[in-house]
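Those letters in the sequence shown? Residues 311 to 521, by this note's numbering. All C-beta atoms in this analysis are idealised placements derived from N, C-alpha and C, irrespective of residue type, glycine included. A quick write-up on the structure given underneath.
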Amino acid sequence: DCKDAGLMWTASNSGPNDHEEEGHDEEGHDEEGHDEELAYDPHSWLDPLAVKVQVDIILEHLIEVFPEGEDVFTENAKDFKAALEKLHVEFDTTLNDETCTDKTVVANHNAYSYMAYRYDIEFITVHGLDPEGEPSPEDIAKVVNHIKEEEINVLFVEEYTDQSSVQSIVEETGVTIKILYTMEMEPSDSDDDYMSMMNKNLENLVAGIGC
311 DCKDAGLMWT ASNSGPNDHE EEGHDEEGHD EEGHDEELAY DPHSWLDPLA VKVQVDIILE
371 HLIEVFPEGE DVFTENAKDF KAALEKLHVE FDTTLNDETC TDKTVVANHN AYSYMAYRYD
431 IEFITVHGLD PEGEPSPEDI AKVVNHIKEE EINVLFVEEY TDQSSVQSIV EETGVTIKIL
491 YTMEMEPSDS DDDYMSMMNK NLENLVAGIG C
């Protein structure tokens, strides 16, 4: 059951606090303005509390398959859940409304609905920088124009976004680039794990929105 796993229904193109800027698709609405088409956002691991729920489900099934490892599995799950709770508190405390007066984040991928919902962040998606491919010159031009028109100062991109394209955009606009890890692929730094990348996400969010 998806709810038991900490998953939630969100608009297929965005999350609860994620929307597209004018001239782009609104969250979950087609060009005709029809009802929202809903789908599961797969990036639930960007919410530490959702991961805590999933740890319990994983633990249950591990014990079913490998009952001899119950004690070890249970202890490891307990430790990891404690670390997740600490991580959540750090995000929640750091990104609170008192210290962050503007919690608007401009990103190249609408993959952050869980993070947006949990920590009341508004994500705006700038299309044209597909993290899974090399953007065309036309795509880059659209991003550049969008940044200039909206006077965007900081653009958050995924780790594997094409760097030559990012550099071209920086040269054209002077925008500051920050990384937000979605953890969809193996990290480029072999020393990174879930906790280290989530902490980097927090650091980059703080630096990018000025908390």
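Residue 497 and residue 353 have their C-alpha atoms some 16 Å from each other. When only Cα atoms are considered, residue 415 and residue 431 end up about 7 Å apart.
Inter-segment contact for the stretch 399-411 and the stretch 447-458 is absent: fewer than three beta-carbon pairs are separated by less than 8 Å. Spatial neighbours of residue 486 in its own chain (CB-CB distance under 7 Å, excluding positions within 5 residues in sequence) are listed in chain order as 463, 464. When DSSP states are grouped into helix, strand and coil, residue 360 belongs to the helix group. DSSP, read as helix, strand or coil, puts residue 489 in strand. Closest in alpha carbon position to residue 397, among 501, 418, 355, is 355.
Ranking 478, 358, 469 by CA distance to the CA of residue 417 puts 469 first. Assigned with DSSP and collapsed to three states, residue 368 falls in helix. Looking at the DSSP output, residue 414 sits in a beta bridge with 432.
Below 8 Å, enough C-beta pairs join the stretch 355-367 and the stretch 422-436 to call them touching: three or more.
With fewer than 16 other Cβ atoms inside 10 Å of its own Cβ, residue 517 counts as exposed. A Cβ-Cβ distance of about 7 Å is found for the pair residue 405 and residue 515, placing them in contact under the 8 Å criterion.
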